[in-house]
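Undergrad: So for the sequence shown, full-length UniProt numbering puts the first residue at 1; every next one is plus one. Note that CB positions come from ideal geometry on N, CA and C, so glycine has one too.
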Amino acid sequence: MQPQAFYRVVADDFTAVDGIIRQQLVSRVPLVEKIGDYIISAGGKRLRPLLVLLCGKALGRDDEQLRLLAATIEFLHTATLLHDDVVDMSDMRRGRSTANAQWGNAPSVLVGDFLYSRSFEMMVELGSMPVMKILSKATRVIAEGEVLQLSKIRDASTTEDTYMEVIRGKTAMLFEASTHSAAALAGASEQQSEALRTFGDHLGVAFQLVDDLLDYRGDATTLGKNVGDDLAEGKPTLPLIYTMREGTAEQAALVRQAIQKGGIENLESIRNAVEAAGALDYTAQKARDFAERAIACLDALPPSDYRDALVELSRFAVARTH
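So, in structure tokens, the structure goes:
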């Protein structure tokens, strides 16, 4: 399967999901539609609705409800992006200004609330209590993950275990909810449901590890966001945690001071330090390990083009440069 072919096997469904998203964005308040349309139209990989479609179809589900679930997941994700950009004070995402940079914090937060509310209306329309249970739990865990991350800002004593707890909450949980809810909607067996839930968790962890790696190895044009954003905010991500733990005393001290101070005055020195300490290679290998563990979970699915696409998607997630 060629790169990006994992989109082509569900191309028609993707178009239908986009149509549902547009319908559900309708509001009697013009600013809601304007901001909602701005962030939805920004592009992005839409991996989470893609996971819903691929997992559902791999289990034989192919109907409007599956597409509605995919759109619901995208609304949840978009709501978290709006809120995250306000919390992180970000001014660039996907290569253009964030909504909060364009319209201010208050409208961004409130439109994020609108998208959350709309997603729950869509869940009710689905009429599946198992799906609602999975997604309502996911929204709580994601919020907890974000608050945990916030509590660790500028905390140079953050451990790798705590970091993993943060990314499992703030990122991997919605991947897991995507795959798990698709299994629930498709009426999967207990074994398949658990396999897909675990697959989503492992894939989400791998994806975030690569994101954190690219904050030091990428460039702004390719990434569509500012390089060093995590460092600027004083976020102790894995490349920094590893450098403090395994690097030289000088490297560890440099990173520790940068986390505690925040800002990107020493960005180049930090990039050199995490590279020299082997932190980026360590993070990349950990991401590959999680991706392979995710792929192993797919043995629970019958052979199909959709299962093959999930394998390719897992490999893409750790090979990407943005």
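Measure the beta-carbon distance from A177 to L59 and round it to whole angstroms, keeping in mind my assumption that it falls under 8 angstroms.
TA: The Cβ separation is near 16 angstroms, so there is no contact.
Undergrad: Rounded to a whole number of angstroms, what is the C-alpha to C-alpha distance between D84 and V210?
TA: Roughly 18 angstroms separates the two Cα atoms.
Undergrad: If you run the structure through DSSP and keep just helix, strand and coil, what is A220?
TA: Its pLDDT being 49, under 50, A220 is placed unreliably by the model, and the measurement read from it follows with that caveat. Here A220 sits in helix by DSSP.
Undergrad: Hey, out of S157, V141, A42, R8, whose CA is closest to R245's CA?
TA: R245 has its Cα closest to that of S157, out of S157, V141, A42, R8.
Undergrad: Measuring CB to CB, does G36 end up less than 9 angstroms from V124?
TA: Not a contact, by the Cβ cut-off of 9 angstroms.
Undergrad: CA-CA distance, A284 and L25?
TA: Cα-Cα distance, rounded: 37 angstroms.
Undergrad: According to DSSP, is S269 part of a helix, a strand, or is it coil?
TA: S269 falls in the helix class under three-state DSSP.
Undergrad: Mapping the DSSP letters down to three states, classify S97 as helix, strand or coil.
TA: Three-state DSSP puts S97 in a strand.
Undergrad: Do you know offhand how far M164's Cα is from S136's?
TA: Rounded to the nearest angstrom, the two C-alpha atoms are 22 angstroms apart.
Undergrad: Taking DSSP as the reference, what is the three-state secondary structure of M122?
TA: Correct three-state label for M122: helix.
Undergrad: Compute the distance between the beta-carbons of V166 and A287, then report whether it is under 9 angstroms.
TA: No.
Undergrad: Secondary structure at M244, three-state DSSP: helix, strand or coil?
TA: Helix, per DSSP.
Undergrad: With DSSP run on the structure shown, which of helix, strand or coil describes M129?
TA: Three-state DSSP puts M129 in a helix.
Undergrad: Just the Cα atoms here: how many angstroms apart are R67 and A252?
TA: Their Cα atoms are separated by approximately 48 angstroms.
Undergrad: Are the CB atoms of R61 and F14 within a distance shorter than 9 angstroms?
TA: No. Outside cutoff.
Undergrad: In this structure, how does DSSP classify M89 when only helix, strand and coil are distinguished?
TA: Residue state, collapsed to three classes: coil.
Undergrad: How do the region 180-197 and the region 257-265 stand: do at least 3 beta-carbon pairs fall below 8 angstroms, yes or no?
TA: The region 180-197 is not in contact with the region 257-265.
Undergrad: Restricting to runs no shorter than 4 residues, where is the alpha helix (DSSP H) found entirely within the region 267-311?
TA: Listed in chain order, they are 267-276, 279-297.
Undergrad: What is the residue span of the alpha helix (DSSP H) that P30 lies within?
TA: Element bounds for P30: 30-40.
Undergrad: Answer with buried or exposed for D12, where buried requires no fewer than 16 other C-beta atoms within 10 angstroms of its C-beta.
TA: Label assigned to D12: exposed.
Undergrad: Using the beta-carbon count (16 or more within 10 Å), is R170 buried or exposed?
TA: According to the sequence shown, residue 170 is Lys rather than Arg. So K170 ends up on the buried side.
Undergrad: Which residue from P107, T162, P49, A294 puts its Cα closest to that of A71?
TA: For the residues P107, T162, P49, A294, the minimum Cα distance to A71 belongs to P49.
Undergrad: Which residues in the same chain have their Cβ closer than 7 angstroms to the Cβ of V9, if we skip the five residues on either side of it in sequence?
TA: These residues qualify, in order along the chain: D305, Y306, A309.
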